[in-house]
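There are 2 protein chains.
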Amino acid sequence: MIILLGSSGYIGQAFQQALENRGAKFAPLSRKEIDYTCFSKLLEHLRKTKATFVINAAGFTGKPNVDACESARAETLLGNSIFPVTVANACSAAGIPWGHVSSGCIFQGAKILGHGAARVEKNLMAPEIQLLREKNPEAVRGFTEEDAPNFSFRQPPCSFYSGTKALAEEALLSAGDGFIWRLRIPFDQWDGPRNFLSKLQRYPKVYDNVNSLSHRRDFAEACLDLWERRAPAGIYNVTNPGHVSSREVVRLIEKFLSPGRKFEFWAGDEEFYRSAAHAPRSNCVLDVSKLLAAGVKMRPVQDALEDSLRNWKTSS
Amino acid sequence: MIILLGSSGYIGQAFQQALENRGAKFAPLSRKEIDYTCFSKLLEHLRKTKATFVINAAGFTGKPNVDACESARAETLLGNSIFPVTVANACSAAGIPWGHVSSGCIFQGAKILGHGAARVEKNLMAPEIQLLREKNPEAVRGFTEEDAPNFSFRQPPCSFYSGTKALAEEALLSAGDGFIWRLRIPFDQWDGPRNFLSKLQRYPKVYDNVNSLSHRRDFAEACLDLWERRAPAGIYNVTNPGHVSSREVVRLIEKFLSPGRKFEFWAGDEEFYRSAAHAPRSNCVLDVSKLLAAGVKMRPVQDALEDSLRNWKTSS
Numbered sequence: 192m193i194i195l196l197g198s199s200g201y202i203g204q205a206f207q208q209a210l211e212n213r214g215a216k217f218a219p220l221s222r223k224e225i226d227y228t229c230f231s232k233l234l235e236h237l238r239k240t241k242a243t244f245v246i247n248a249a250g251f252t253g254k255p256n257v258d259a260c261e262s263a264r265a266e267t268l269l270g271n272s273i274f275p276v277t278v279a280n281a282c283s284a285a286g287i288p289w290g291h292v293s294s295g296c297i298f299q300g301a302k303i304l305g306h307g308a309a310r311v312e313k314n315l316m317a318p319e320i321q322l323l324r325e326k327n328p329e330a331v332r333g334f335t336e337e338d339a340p341n342f343s344f345r346q347p348p349c350s351f352y353s354g355t356k357a358l359a360e361e362a363l364l365s366a367g368d369g370f371i372w373r374l375r376i377p378f379d380q381w382d383g384p385r386n387f388l389s390k391l392q393r394y395p396k397v398y399d400n401v402n403s404l405s406h407r408r409d410f411a412e413a414c415l416d417l418w419e420r421r422a423p424a425g426i427y428n429v430t431n432p433g434h435v436s437s438r439e440v441v442r443l444i445e446k447f448l449s450p451g452r453k454f455e456f457w458a459g460d461e462e463f464y465r466s467a468a469h470a471p472r473s474n475c476v477l478d479v480s481k482l483l484a485a486g487v488k489m490r491p492v493q494d495a496l497e498d499s500l501r502n503w504k505t506s507s
Numbered sequence: 192m193i194i195l196l197g198s199s200g201y202i203g204q205a206f207q208q209a210l211e212n213r214g215a216k217f218a219p220l221s222r223k224e225i226d227y228t229c230f231s232k233l234l235e236h237l238r239k240t241k242a243t244f245v246i247n248a249a250g251f252t253g254k255p256n257v258d259a260c261e262s263a264r265a266e267t268l269l270g271n272s273i274f275p276v277t278v279a280n281a282c283s284a285a286g287i288p289w290g291h292v293s294s295g296c297i298f299q300g301a302k303i304l305g306h307g308a309a310r311v312e313k314n315l316m317a318p319e320i321q322l323l324r325e326k327n328p329e330a331v332r333g334f335t336e337e338d339a340p341n342f343s344f345r346q347p348p349c350s351f352y353s354g355t356k357a358l359a360e361e362a363l364l365s366a367g368d369g370f371i372w373r374l375r376i377p378f379d380q381w382d383g384p385r386n387f388l389s390k391l392q393r394y395p396k397v398y399d400n401v402n403s404l405s406h407r408r409d410f411a412e413a414c415l416d417l418w419e420r421r422a423p424a425g426i427y428n429v430t431n432p433g434h435v436s437s438r439e440v441v442r443l444i445e446k447f448l449s450p451g452r453k454f455e456f457w458a459g460d461e462e463f464y465r466s467a468a469h470a471p472r473s474n475c476v477l478d479v480s481k482l483l484a485a486g487v488k489m490r491p492v493q494d495a496l497e498d499s500l501r502n503w504k505t506s507s
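Protein chains in written order, with our numbering: chain A, 192 to 507; chain B, 192 to 507.
Below, the structure is given as structure tokens:
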């Protein structure tokens, strides 16, 4: 029996559907049923249900956005750092593995191939990087699971949210046998407040930057594939291969949805942070070689984006 | 078998002596022996040694002072919030109780009795409070275990250190059967860098404010008394009864040690924070009625201070 925590959340829903789809024996566990933040209650439940695997898709992301985590520090730490440790501890005591939804937002920038060793470039909007992406996108590489987070409490500046996610990874690595699945900017064809494609359409102005993205269902399927294939425990970047700029995604939205409006963009970081954001934002490229080498298939980000927009479903 | 974590630290040493003194069967556990931050290793050790109680006197306090915690956020959180949760979880899995060294620094100010309900006063250096302490010290009351921390991530401003200590208390309260022992500004007769009486003598200028204090050995003995008396689990303020200003303590130092120097004081908060401190400091009075009602004896802070100075031992 697989136990799914946070099943009502944006990512938890995708896990629920992916589990149903593959006919897995699973049970979502809600906090109304059992206060699963309490170690002893969670452990008792895991033993009673003979759980074989725990998926923790719960977390505190901040509403309406990550800026809310800057002031809600207790909730952010409890949800993103302390709770995952309690889940991992309970799984350890019960002798079962777990999977934790982490985030790629603990990195800033990308690794640029050139002559000699790849160098880290944090500003992906620099003109030379834009040129490079046009001429040789393969030269813009992502961070691997071996790289230390560079947008974290240990390597500031970072947002408080990112700090708590990176801290959880560090604490979980010593907590035993589990998967740390890094999600990055989820999207799919279902219009909604957490969907990157919806957000881009709702922002008064778009902040342009380069990122790896995770199709929500692709992400959940890939995570479950890792578990089913009995891939080695540890960290996995789980994004669709490739990188894309917000401006490129807006062009796809214009092409597929013909929204009949003109998109505006912030002139740059200075205007964006003065007007629309408080905490620094992560913009980064992740390397998914480890995921692919484990035999898990992920379609390129371009394909996932076009597919989502082709099958776009508004909530109205 | 009692397991003592953090036995080499300032407070851990006092626990070690107090345990030896009462002939308790105990074993200090060092991280060199076993990485006790790893849940499964700690749990295995607790089971193997048939531990009956775990004392967690480990923590991250920042060197040379609490300001260091503002930038060492990962270490501060790992040491003060995440590690205590792992200890409590391991104890829960092993079915044994624990005691955690918390801190009174999650409060600011005191409760002032007057006509009607007591009011919280955060600025204990206000002239009317100084007058009140002189005329009627009983009217300056401490925060009880029922009061929510008012110098925490939930009630900012706070230092990062205080935030992590308050967060741990919150997480531990749902983690089961344990004692949360609140220490406040330790001192005793042994000259040293963590001793408040030594600090006051070493500061170029003294920051005057009103606080409750904990004699180090009195603290450890009181914590162990609570355990031996099988007092109900939960939070306990463990300070010597009363409150004292830094200026009053300096006068005692002058009286007992005749240091042959003139002590200078910062003119006020404005000068202190501009020149000598970065993070906001907690200054507070704690109520120890709950501790005393549990049958634990604690001598008044004045007696403990005079006794320490009368038996003062310099490290040279």
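For each residue, glycine too, the CB sits at the ideal point set by N, CA and C.
Burial state of residue i (16 or more Cβ within 10 Å)
| i | result |
| --- | --- |
| L268 (chain A) | buried |
| I225 (chain B) | exposed |
| H469 (chain B) | exposed |
| V311 (chain B) | exposed |
| A309 (chain A) | exposed |
| P395 (chain A) | exposed |
| H406 (chain B) | buried |
| E461 (chain A) | exposed |
| A413 (chain B) | buried |
| E361 (chain B) | buried |
| L363 (chain A) | buried |
Chain-order list of residues whose beta-carbon lies under 8 Å from that of residue i (same chain, five-residue window excluded)
| i | result |
| --- | --- |
| W503 (chain A) | Q380, D382, L388, F447, L448 |
| L443 (chain B) | L496, E497, L500 |
| S480 (chain A) | T335 |
| M192 (chain A) | K216, F217, A218, T240, K241, A242, T243 |
| R222 (chain A) | T228 |
| L483 (chain B) | P432, M489 |
Paired residues, beta bridge with residue i - DSSP
| i | result |
| --- | --- |
| I225 (chain B) | Paired residues: none, contrary to the question. |
| E312 (chain A) | A:A301 |
| R373 (chain A) | A:S293, A:N428 |
| S436 (chain A) | A:V401 |
| K326 (chain A) | In the DSSP output, where bridge partners are listed per residue, K326 (chain A) has none listed. |
| F456 (chain A) | A:V397 |
| P219 (chain A) | A:L195 |
| R332 (chain B) | B:K302 |
Whole-number beta carbon distance between residue j and residue i, since they are thought to touch under 8 Å
| i | j | result |
| --- | --- | --- |
| L315 (chain B) | N428 (chain B) | Incorrect: roughly 17 Å between the Cβ atoms, too far for contact. |
| E336 (chain A) | I426 (chain A) | 4 Å |
| V292 (chain A) | N247 (chain A) | 6 Å |
| G433 (chain B) | V492 (chain B) | 4 Å |
| Q208 (chain A) | R408 (chain A) | 7 Å |
| S199 (chain B) | C260 (chain B) | Incorrect: roughly 20 Å between the Cβ atoms, too far for contact. |
| L220 (chain A) | V278 (chain A) | Not quite, the Cβ-Cβ distance comes to about 11 Å (not below 8 Å), so this is no contact. |
9 Å Cβ cutoff met for residue i and residue j
| i | j | result |
| --- | --- | --- |
| A263 (chain B) | F274 (chain B) | no |
| K302 (chain A) | R332 (chain A) | yes |
| R345 (chain A) | A357 (chain A) | yes |
| A284 (chain B) | L234 (chain A) | yes |
| G300 (chain B) | V476 (chain B) | yes |
| V276 (chain A) | N280 (chain B) | yes |
| P377 (chain A) | F342 (chain A) | no |
| D368 (chain B) | W289 (chain B) | yes |
| C282 (chain B) | L237 (chain B) | yes |
| A366 (chain A) | C229 (chain B) | yes |
| G305 (chain A) | A330 (chain A) | yes |
| F370 (chain B) | A424 (chain B) | yes |
| R472 (chain B) | T430 (chain B) | no |
| L415 (chain B) | A485 (chain B) | no |
Any non-hydrogen atom of the ligand GTP within 8 Å of residue i CB
| i | result |
| --- | --- |
| L358 (chain A) | The ligand content of the structure shown is nil, which means the ligand GTP is not present either. |
Chain-order list of residues whose beta-carbon lies under 6 Å from that of residue i (same chain, five-residue window excluded)
| i | result |
| --- | --- |
| R438 (chain B) | D399 |
| A297 (chain A) | The sequence given here places Ile at residue 297 (chain A); Ala does not occur at that position. The answer, listed in chain order, is P340, F342, S343, S353, K356, A357. |
| N271 (chain B) | G250, F251, T355, K356, A359 |
| K232 (chain B) | I225, D226 |
| N402 (chain B) | I376, N474 |
Contacts around residue i, its chain only, beta-carbon distance under 7 Å, and the 5 residues preceding and following it disregarded
| i | result |
| --- | --- |
| D478 (chain B) | R332, G333, F334, T335, N428 |
| L391 (chain B) | V397, S437, V440, V441, I444 |
| D494 (chain B) | none |
| V257 (chain B) | S350, Y352, A470 |
| E266 (chain A) | F251 |
| P318 (chain B) | none |
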